[in-house]
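A.B. asks: Be aware that the sequence shown starts at 1, since it is given in this note's numbering, and climbs by one per residue.
Note that the Cβ used here is the ideal one computed from N, Cα and C, for glycine as well.
All figures in this text were calculated on a predicted structure; none of them were measured in a lab.
Right, I'll just put the structure down here and ask away after.
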Amino acid sequence: MKIEIIPFNDKYLNDIRAINVSVSSNPDKPYKEKVLSQHLYIDYYTEFSKENCFIAKNLENNDIVGYIIAEVDFNRFQNHMLTYYLPQAKAIRKDFEQKVKEEVNSYAPFINQYDAHLHMDVKPGYQHQGIGTMMLKHLLNHLKNKGCKGVMLSVSKRNINANNFYEKNGMKIIGENKNNLRGLIL
1 MKIEIIPFND KYLNDIRAIN VSVSSNPDKP YKEKVLSQHL YIDYYTEFSK
51 ENCFIAKNLE NNDIVGYIIA EVDFNRFQNH MLTYYLPQAK AIRKDFEQKV
101 KEEVNSYAPF INQYDAHLHM DVKPGYQHQG IGTMMLKHLL NHLKNKGCKG
151 VMLSVSKRNI NANNFYEKNG MKIIGENKNN LRGLIL
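Right, dumping it as structure tokens:
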């Protein structure tokens, strides 16, 4: 299989949204909850940080098999999430307000050392084939070239495979709440 990591383009938005839902711990969740997940983990990045978004494309069948997205401006991220996406989250389910605040604010204590944060997913059926590592290396090189000091992300403690993947790729636990916050100095 020949995989190429390419810059995100809006024409791939539905592909990465579908991947996000397909890797969810509950892919059958109600539509509104899927929308919230896409707001939290995709839409902000593809709208406001597009230059830090990449996709993995299978060149044999043109299938989009993964994505990795990042933000390097925490203040912009926090402002947009709390003023634009938080009201939408509350409209979907009131208890999501706390989830959004926790997700956004979990990064704040670490932004001086880890100024970028990321989110990534690989489509089921393509996992455990090196695609995630390929995307992560591509993004880390991109962030290093932009002058970022470090990168972090939040990973569910229940997601053993993801935690093992990030550990294998040098991302250490830098904080904990309901999730593991992992970071890597660039």
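My output table needs one value for arginine 93: the three-state DSSP class, helix, strand or coil.
C.D. replies: coil
A.B. asks: Going by alpha carbons, who is nearest to valine 21 out of Ile3, Asp10, Tyr41?
C.D. replies: For the options Ile3, Asp10, Tyr41, the alpha carbon positioned closest to that of valine 21 is the one of Tyr41.
A.B. asks: May I ask which residues mark the beginning and end of the beta strand (DSSP E) holding isoleucine 16?
C.D. replies: Taken as a continuous stretch (DSSP letters only), isoleucine 16 belongs to no beta strand (DSSP E), being part of the alpha helix (DSSP H) at 13-22.
A.B. asks: Based on DSSP bridge pairs, tell me the residues matched to glutamate 4.
C.D. replies: Beta-bridge analysis with DSSP links glutamate 4 to Lys57.
A.B. asks: Given this structure, state the Cα-to-Cα distance separating aspartate 10 from serine 156, to the nearest angstrom.
C.D. replies: So the alpha carbons of these two residues sit roughly 28 Å apart.
A.B. asks: By the three-class DSSP mapping on this structure, what secondary structure does tyrosine 84 have?
C.D. replies: DSSP places tyrosine 84 in helix when its eight states are reduced to three.
A.B. asks: Applying the criterion that 16 or more other CB atoms from any shown protein chain within 10 Å of the CB defines a buried residue, is glutamate 47 buried or exposed?
C.D. replies: exposed
A.B. asks: Would aspartate 115 and phenylalanine 74 qualify as a contact pair, given that the criterion is a beta-carbon distance under 8 Å?
C.D. replies: In contact: aspartate 115 and phenylalanine 74 (Cβ atoms closer than 8 Å).
A.B. asks: Per DSSP, alanine 70 forms a beta bridge with which residues?
C.D. replies: Leu118
A.B. asks: Going by DSSP, what residue range makes up the alpha helix (DSSP H) through isoleucine 188?
C.D. replies: Not covered by the structure: residue 188. The range shown for the chain is 1 to 186.
A.B. asks: Determine the direct distance from the alpha carbon of valine 23 to that of aspartate 15, and round the result to whole angstroms.
C.D. replies: Cα to Cα, the separation comes out at about 13 Å.
A.B. asks: Taking DSSP as the reference, what is the three-state secondary structure of asparagine 169?
C.D. replies: coil
A.B. asks: Examine the Cβ distances between the region 127-142 and the region 74-92 and report whether three or more of them are shorter than 8 Å.
C.D. replies: no
A.B. asks: In the structure shown, what three-state DSSP assignment does arginine 182 receive?
C.D. replies: strand
A.B. asks: Give me the residue from Ile68, Glu102, Glu51, Asn62 with the minimum Cα distance to isoleucine 3.
C.D. replies: Asn62
A.B. asks: Skipping 5 residues on each side, what residues in its chain have a beta carbon closer than 6 Å to that of isoleucine 192?
C.D. replies: As shown, the chain starts at 1 and ends at 186. That puts residue 192 outside it, with no answer to give.
A.B. asks: Kindly indicate which residue of Cys148, Asp121, Gly147 has the alpha-carbon position closest to the one of asparagine 163.
C.D. replies: Asp121
A.B. asks: Just mark glycine 183 as buried or exposed, buried being the case when its beta carbon has 16 or more other beta carbons within 10 Å.
C.D. replies: buried
A.B. asks: Please tell me whether leucine 36 and isoleucine 92 are closer than 8 Å, where the distance is taken between their beta carbons.
C.D. replies: Taking 8 Å as the cut-off, the beta carbon of leucine 36 is found closer than this to the beta carbon of isoleucine 92.
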